[in-house]
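Trainee: Number 317 in UniProt numbering belongs to position 317 of the sequence shown; there are no gaps in the numbering. Below are the structure tokens for one structure; questions will follow.
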Amino acid sequence: CGARARRPVQVDPARASSRRARPRASRYTGHVTDDMKRLGRPTVTDIIDELQWRGLLAQHTDLAALREHLASGPVTFYCGYDPTAPSLHHGHLVQLIVMRHLQLAGHKPLALVGGATGQIGDPRQSGERQLQPTGVVEGWARKLRDQISCFLDFEGPAAARMVNNLDWTQQMSAIDLLRTIGKYFRVGTMLNKDIVARRIASDEGISYTEFSYQVLQANDFLELYRRYGCTLETGGNDQWGNMVGGVDLIHKVDGADAHVMTTPIITKADGTKFGKSEGGAIWLDPQMMTPYAFYQFWLQVADEDVVRFLKIFTFLDRARIEELEAEVAERPHQRAAQKALAAAVTAMVHGDQELARVQAATKALWGGGDIKELDEASLRAATADLPRASVPLGEATVADALVAVGFERGKSAARRTVASGGVSVNNVKVYDADAPLSESDALPGSLVLLRKGRKNLAVVELA
């Protein structure tokens, strides 16, 4: 991924098909960053303290037993990712970060792609999920596999392993599932799960398909326990009920102890859920959210949230985060903490090279950098969400361009704005509203950056 070579993904050769035996070439660029490597590796006895300090621990099974279990030696743990979309998003990133913290502490990750559960869909707070065609789910599963591979190490004593629950679920008949797994579930307990209870009470209700999801997830934990000795599941707090179902199943079927721990649902200081941009979710796929837009999202985090998000979403150590916290208190206008957050998360997801590109583009658009130094790809990515219009090369004037992009209603108003010094072309003030936009004004891709005031930007394409 990115500049580093892809590490081979481990599979169980006795059970996995040859189609899954080798990793696919990845177009994703996230990778294990220097911040991850510089982080002082916690011993297996203090990883809980590290996660608590970072705000990454919400609910858990018996904490004393969990601490003792983690301190007893390397623990094999897993986290599941269902292919319900063609990309992971910032919520999944929290789980990948937890997995990486545990791996740095010497524990062995199993990254489970839900090729089976993704065809079912776990119940949402409201509304039934639309079932996707099998081929679509399989394609999404491959994409998620590529993305996950970029965040973990697949070599060494704590090597990660990629698994797919389709490998064992598709081999079970309905009778097998009901006799060997279903008999251990009590319907009353299943009905009392928070999301299930809310859905049943709603007008829409819940289908048996989604109701049975918790059985499949619990069976995943049992299967991973039997295959790999997996004794810990991590996940989001909304999965707590399903996760403890796996703990109960392992105890009932094999008489063994297992553990779970969850991360909190990430919210902003005002209590609203964190993680929506104007375009929707914060996707990790650069085709669904450009690295520039991704970087800008983190750069706009509020002062009230930024220190907490530095702990959650980065691997910066405590001393560095405390320095940035002081910067927020003393010089908030410099936004040093936001810049550190945006840089760390963008490098982790998209790689150092892409980070350098978006930082250069940000400086060129907003910080007085030279816009002419940007290549066409960087320029188009940085301006993808700006208003734009196409005008004829050599014929359209600055005033025409202002009207075309919607900055002014007519040429008279445009001329007044230009005369007052309120317009820039490619970051250079202009005072002649009737000057034609010529080849010499064109940036790579025949683009022109038009600015009105400080914050109103648009792109003009010279055709």
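Every residue gets a Cβ at the ideal spot worked out from N, C-alpha and C, and that includes glycine.
Return helix, strand or coil for K268, following the three-state DSSP convention.
Mentor: Here residue 268 corresponds to residue number 268 of the sequence shown, with the count starting at 1. K268: coil per DSSP, three-state reduction.
Trainee: With a threshold of 6 Å on Cβ separation, who are the neighbours of Q436 within its own chain once the five nearest residues in sequence on each side are excluded?
Mentor: Walking along the sequence shown from the start, residue 436 turns up at place 436. Looking at the sequence shown, residue 436 is not Gln but Pro. Within the same chain, P436 has close Cβ partners G394 and T397.
Trainee: Counting only the same chain and skipping the five closest in sequence on each side, list residues whose C-beta sits under 7 Å from that of L166.
Mentor: In the sequence shown, residue 166 corresponds to position 166, counting from 1. So the qualifying residues of the chain are G115 and A116.
Trainee: Rounded to the nearest angstrom, what separates G91 and R409 at their Cα positions?
Mentor: On the sequence shown, residue 91 is found 91 positions in, with the first residue counted as 1. On the sequence shown, residue 409 is found 409 positions in, with the first residue counted as 1. Rounded to the nearest angstrom, the two C-alpha atoms are 42 Å apart.
Trainee: Just list the residues that DSSP pairs N164 with in beta bridges.
Mentor: Counted from its first residue, the sequence shown places residue 164 at position 164. Note: N164 sits in a beta bridge opposite V113.
Trainee: Of the choices K183, W240 and A463, whose alpha-carbon is the least far from that of V253?
Mentor: Looking up residue 253 in the sequence shown gives position 253. The candidate whose alpha carbon is nearest that of V253 is K183.
Trainee: For the alpha helix (DSSP H) holding T76, just list the boundary residues, first then last.
Mentor: The residue given as residue 76 occupies position 76 in the sequence shown. It is not in any alpha helix (DSSP H) - T76 instead sits in the beta strand (DSSP E) that spans T76 to Y81.
Trainee: Please go through the same chain and pick out, in chain order, the residues whose beta-carbon is closer than 6 Å to the beta-carbon of F427, but skip the five residues on each side of it.
Mentor: As a working mapping, residue 427 is identified with position 427 in the sequence shown. According to the sequence as given, residue 427 is Asn; it is not Phe. For N427, where only same-chain residues beyond five positions count, the Cβ hits under 6 Å are I371.
Trainee: Could you pull the start and end residues of the alpha helix (DSSP H) that R335 belongs to?
Mentor: By 1-based counting over the sequence shown, the position of residue 335 is 335. Segment: none, R335 is in no alpha helix (DSSP H) and carries neither H nor E.
Trainee: For G280, which three-state DSSP category applies?
Mentor: Residue mapping note: residue 280 aligns to position 280 of the sequence shown, counting from 1. Note: G280 maps to strand in three-state DSSP.
Trainee: Can R124 and I200 be called in contact, C-beta distance under 9 Å?
Mentor: Reading the sequence shown from its first residue, position 124 is the one you call residue 124. Reading the sequence shown from its first residue, position 200 is the one you call residue 200. No, the Cβ-Cβ distance between R124 and I200 is not below 9 Å.
Trainee: For M348 versus F151, is the C-beta spacing smaller than 9 Å?
Mentor: Locating residue 348 in the sequence shown gives position 348, where the first residue counts as 1. Locating residue 151 in the sequence shown gives position 151, where the first residue counts as 1. Contact flag set, yes.
Trainee: CB V75 to CB T231, shorter than 9 Å?
Mentor: To locate residue 75, count along the sequence shown from 1; it is residue 75. To locate residue 231, count along the sequence shown from 1; it is residue 231. A contact, by the Cβ cut-off of 9 Å.
Trainee: Below 8 Å CB to CB, which residues in the same chain sit around A361 once its five sequence neighbours on both sides are set aside?
Mentor: Within the sequence shown, residue 361 is the residue found at index 361, counting from 1. The answer, listed in chain order, is Y292, L374, S378, L379, A381 and A382.
Trainee: Taking all protein chains shown into account, decide if K455 is buried (16 or more other Cβ within 10 angstroms of its Cβ) or exposed.
Mentor: By one-based count along the sequence shown, residue 455 stands at place 455. With fewer than 16 Cβ atoms within 10 Å of its Cβ, K455 is classed as exposed.
Trainee: Give me, in chain order, the residues of the same chain whose beta-carbon lies closer than 8 Å to that of G421; leave out the 5 immediate sequence neighbours on both sides.
Mentor: On the sequence shown, position 421 is the one that residue 421 refers to. Taken in chain order, the residues that qualify are K429 and Y431.
Trainee: Assuming the contact rule is C-beta atoms closer than 8 Å, I181 and F221 should be a hit. Round their C-beta distance to whole Å, please.
Mentor: Along the sequence shown, one-based indexing puts residue 181 at 181. Along the sequence shown, one-based indexing puts residue 221 at 221. About 11 Å; that fails the 8 Å criterion.
Trainee: Quick one: measure Cβ to Cβ for Y228 and A256, integer angstroms, because I've assumed they're closer than 8 Å.
Mentor: Locating residue 228 in the sequence shown gives position 228, counting from the first residue. Locating residue 256 in the sequence shown gives position 256, counting from the first residue. In fact, because the Cβ distance is near 13 Å, the residues do not count as touching under 8 Å.
Trainee: Helix, strand or coil, according to DSSP, for K451 in the structure here?
Mentor: To locate residue 451, count along the sequence shown from 1; it is residue 451. It should be noted that the sequence gives Arg, not Lys, for residue 451. Reduced to three states, the DSSP call for R451 is strand.
Trainee: In terms of DSSP beta bridges, what is S424 paired with?
Mentor: By one-based count along the sequence shown, residue 424 stands at place 424. Per DSSP, K429 and R451.
Trainee: Rounding to the nearest angstrom, what Cα-Cα distance links V448 and L462 in this structure?
Mentor: Residue 448 sits at position 448 when you count from the first residue of the sequence shown. Residue 462 sits at position 462 when you count from the first residue of the sequence shown. Each residue's Cα considered, the two are about 7 Å apart.
Trainee: Whole angstroms is fine: what's the gap from R451's alpha carbon to G55's?
Mentor: For this step, residue 451 is matched to residue 451 along the sequence shown. For this step, residue 55 is matched to residue 55 along the sequence shown. Cα to Cα, R451 sits roughly 41 Å from G55.
Trainee: In terms of DSSP beta bridges, what is E408 paired with?
Mentor: Position 408 of the sequence shown holds residue 408. Beta-bridge pairing links E408 to no other residue.
Trainee: Do you know whose CA, among V391, A258 and E323, lies nearest R67's CA?
Mentor: Your numbering for residue 67 matches position 67 in the sequence shown. For the residues V391, A258 and E323, the minimum Cα distance to R67 belongs to A258.
Trainee: Output the residue ranges of the alpha helix (DSSP H) runs that lie fully inside the stretch 184-212 and measure 4 residues or longer, sorted by chain position.
Mentor: Correct list: 187-191, 194-201 and 208-211.
Trainee: With DSSP run on the structure shown, which of helix, strand or coil describes S87?
Mentor: Within the sequence shown, numbered from 1, the residue matching residue 87 stands at position 87. Correct three-state label for S87: coil.
Trainee: Could you spell out the range, first to last residue, of the beta strand (DSSP E) harbouring S390?
Mentor: Counting from 1 along the sequence shown, the entry for residue 390 is found at position 390. S390 -> beta strand (DSSP E) spans R388 to V391.
Trainee: Just verifying my parser: in three-state terms, what is the DSSP assignment at A347?
Mentor: By 1-based counting over the sequence shown, the position of residue 347 is 347. Looking at A347 - three-state DSSP - the assignment turns out to be helix.
Trainee: Between which two residues does the beta strand (DSSP E) harbouring V301 extend?
Mentor: On the sequence shown, residue 301 is found 301 positions in, with the first residue counted as 1. Premise fails: V301 is in no beta strand (DSSP E) and is neither H nor E.
Trainee: Less than 9 Å between the C-beta atoms of W53 and R318, yes or no?
Mentor: On the sequence shown, residue 53 is found 53 positions in, with the first residue counted as 1. On the sequence shown, residue 318 is found 318 positions in, with the first residue counted as 1. Yes, the pair counts as a contact, with Cβ atoms nearer than the cut-off.
Trainee: Where does M289 fall in DSSP's three states?
Mentor: Taking the sequence shown and counting its residues from 1, the one referred to as residue 289 is at position 289. DSSP places M289 in coil when its eight states are reduced to three.
Trainee: Please work out which residues of its chain come closer than 8 Å, Cβ to Cβ, to L144, disregarding the five sequence neighbours upstream and downstream, and give them in chain order.
Mentor: On the sequence shown, position 144 is the one that residue 144 refers to. Contacts found: Y81, P83, S87, L88 and V113.
Trainee: Do the CB positions of L443 and V423 come within less than 9 Å of each other?
Mentor: Within the sequence shown, residue 443 is the residue found at index 443, counting from 1. Within the sequence shown, residue 423 is the residue found at index 423, counting from 1. No, these two residues do not count as a Cβ contact at 9 Å.
Trainee: When the distance is taken between beta carbons, is T209 closer than 9 Å to T234?
Mentor: As a first step, residue 234 must be located in the sequence shown, where it is residue number 234. As a first step, residue 209 must be located in the sequence shown, where it is residue number 209. Against a cut-off of 9 Å, the Cβ pair of T209 and T234 comes out as no contact.
Trainee: Based on the DSSP output, what are the partners of P436 in its beta bridges?
Mentor: Here residue 436 refers to the residue found at position 436 of the sequence shown. T397.
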